Amino acid sequence: MKFEKNILCIGAGYVGGPTMAMIAYKCPRYKVTAVDINPERIGQWNSDNLPIFEPGLDKVVRACRGKNLFFSTEIERGIQEAEIIFVSVNTPTKTFGSGAGMAADLQYWEKTARQIRDCAHSRKIVVEKSTLPVKTSLAMERILTDANDRIHFDVLSNPEFLAEGTAIQDLETPDRVLIGSHETERALEAREALVQIYANWVPREKIITTNLWSSELSKLAANAFLAQRISSINSISALCEKTDADIAEVAKAIGMDSRIGEKFLRASVGFGGSCFKKDILNLVYLCRYYGLNEVAEFWEGVVRINDYQKSRFVLNMLNAMFNTLAGKRICLFGFAFKANTGDTRESPGIFIARELAEERAELVITDPEALENARVDLEDLGKDVSYLVDPYEAAEKSHAIAVITEWELYRALDYDRIYRSMTKPAFIFDGRNILDHRKLFEIGFNVFPIGKTPLTHF
Ligand code: UDX
Ligand code: UDX
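Residue numbers (my numbering): 1232 to 1689.
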């Protein structure tokens, strides 16, 4: 079969994999290939055991894999054959040199740009999918055009707004698709080619176009705003705990103001995930670079409150449990950074487990999807941590349970049974406010929610 378009994505991770699968699913007339330097990952994409857990992803991949969706390690060949190349290699926070701990590490990004330049034999549209500092496309254009007057490249910015756990839904019915480009005739033509791809399933009015820099900045700003809402509500949760106000009631009262809105106001043990912290630090670094210190400090505060919320959670546990955790068995319910994903990148669970281990607690971790990643994250803690899939088994003989992830299954457990199996007095620290606190208290637990008065028997 002759395909209408040939689309490539370099980087088959959490973003590249599902995004390409959705394009292939919605556009059977296009050939879509995702390539990656990691052969193991490509092997998993080609197997029944996909490298990431995402509800609905299996179905979409199975419907098109081998027909118009392909996963491969042949990057050079992919570049030569494609007209449109998405780039979604990772851009982690730099761990070395200038800007370490703040700036984005662009080495994979730049290497990919050079590879595209060196392998291409024909005109290409290169689409930035990875989240990048503003003005990165300028650097990309310079690399692509340097020592090359044979081939024309158009660089577009098309940030991905999908959230993990709802990736398929977010890709299928996005709030908006954002495409940034230059305003030249050629660039507008390239932009239209990308608009056409999304127009196969996204209503035209939801596809918005801007200049390149607005598009790059909007992605950083969107993540910063979302994270800011969580830090705002979490900061108020600390005050609730001191004043007998209830964070759920406050969030509802605030959120019903249509100017504020109800979403992203769930107080928690802190936000995690690969994006929020990385992107805010990136924004802070950019602001400092441009001498905007006040702006940098404002956004840095969002990360500071998040760190504070995680530390506060552990301190609350320590205080409640008579100021010693040494030798006590503590069970973490959940380790993923949010429900419906096995991803543990920047999960508050990592910090909390480490702090508890520092207090010499004995840790048991349970999670329906993230245990494999948890083992890697906490490898250095060795035998002090055990990992059990069954929450009942995990809670047995524990002095306390700490809910880290809002998995639906934790709401429906038999807490009478769990209470009976635990060491007394038994504690529950609900870091997600998902459990029925009154009922748990009546069973006999000492209950410590976030941003609410604790329910204790002493
Ligand atoms: C990544 C970025 O972290 C994020 O900023 C951006 O918004 C989208 O891309 P994610 O998909 O979650 O997010 O990253 P990850 O799951 O690590 O996937 C990146 C993939 O790129 C990996 O599979 C890696 O093997 C691959 N890669 C990396 C390449 O193929 N080539 C490289 O040179 C580097
Ligand atoms: C985020 C953005 O939502 C998405 O648009 C972007 O493309 C990538 O970053 P993601 O990190 O996958 O997505 O998950 P998200 O649902 O935003 O949750 C991030 C963290 O905030 C999680 O740890 C979550 O548990 C926490 N959170 C979210 C809260 O603590 N309270 C809330 O009310 C909402």
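Positions of the beta carbon are idealized from the N, C-alpha and C atoms, including for glycine.
If you're wondering where the values come from, they're calculated on a predicted model, not measured in any experiment.
For N1237, the uninterrupted beta strand (DSSP E) segment begins and ends at K1236 to I1241. Between the C-alpha atoms of L1457 and N1389 there is a straight-line separation of about 19 Å. A check of alpha carbon separations from N1664 across E1341, T1572 and S1499 identifies S1499 as the nearest.
Within the chosen limit of 7 Å, ligand 1 reaches the beta carbon of I1268 through at least one heavy atom. Per DSSP, P1286 lies in no beta strand (DSSP E) and is assigned neither H nor E.
Between S1578 and F1568, the C-beta spacing is below 8 Å.
The DSSP assignment places 1646-1652 and 1668-1674 as complete runs of the alpha helix (DSSP H) inside the segment 1645-1675, in order along the chain (cut-off: 4 residues). Secondary structure of E1593 (DSSP, three-state): strand. Around the beta carbon of S1353, fewer than 16 other beta carbons sit within 10 angstroms, so the residue counts as exposed. Around the CB of H1688, fewer than 16 other CB atoms lie within 10 Å, so the residue is classed as exposed. In this structure, L1239 has its beta carbon at no less than 7 Å from each heavy atom of ligand 2. Listed in chain order, the non-local C-beta contacts of P1685 below 6 Å within the same chain comprise F1679, local neighbours out to five positions each way being set aside.
Spatial neighbours of P1405 in its own chain (CB-CB distance under 7 Å, excluding positions within 5 residues in sequence) are listed in chain order as F1392, V1433 and K1437. Shortest gap from the CB of N1454 to any heavy atom of ligand 2: under 7 Å. A1243 has its CB nearer than 7 Å to a heavy atom of ligand 1. Here M1487 is exposed: its Cβ has fewer than 16 other Cβ atoms, across all protein chains shown, within 10 Å. Only buried fits L1425, as 16 or more other CB atoms lie within 10 angstroms of its CB.
Cα atoms of I1310 and T1264: separation of roughly 10 Å, rounded to the nearest angstrom. Nearest in C-alpha terms to L1640, of all of D1621, R1651 and T1654, is D1621. Look at A1631 here: in three-state DSSP terms it is strand. DSSP lists no bridge partner for V1515. Fewer than three Cβ pairs drawn from the segment 1441-1453 and the segment 1271-1289 lie within less than 8 Å of each other, which leaves the two stretches out of contact. By a beta-carbon distance limit of 8 Å, M1251 does not contact E1403. Their separation comes to about 14 Å. Within 7 Å of the C-beta of C1471 there is not a single heavy atom belonging to ligand 2. In the structure shown, K1262 falls within a strand segment according to DSSP collapsed to helix, strand and coil. In the displayed model, Y1429 falls within a helix according to three-state DSSP. Judged by DSSP secondary structure, I1681 falls outside any alpha helix (DSSP H); it is assigned neither H nor E.
Relative to ligand 1, the beta carbon of V1292 is positioned no closer than 7 Å to any heavy atom.
For T1441, there is no enclosing alpha helix (DSSP H); the enclosing beta strand (DSSP E) has its first and last residue at I1438 to N1442.
The beta carbon of F1660 lies closer than 6 Å to those of M1548, A1633 and F1679 in the same chain, with the five residues before and after it left out.
As a beta-bridge residue in DSSP terms, K1355 pairs with F1384. Using a 10 angstroms sphere on the CB of M1371, the tally of other CB atoms reaches 16 or more, which defines it as buried.
A distance criterion of 7 Å places the beta-carbon of F1301 beyond contact range of ligand 2, judged by its closest non-hydrogen atom.
Shown here for V1365: same chain residues with a beta carbon closer than 8 Å to its own, the five before and five after excluded, namely W1444, E1447, L1448, L1451 and L1517 in chain order. In the DSSP assignment, T1324 is bridged to A1335. With respect to L1375, R1422 sits apart: the two C-beta atoms are not nearer than 8 Å.
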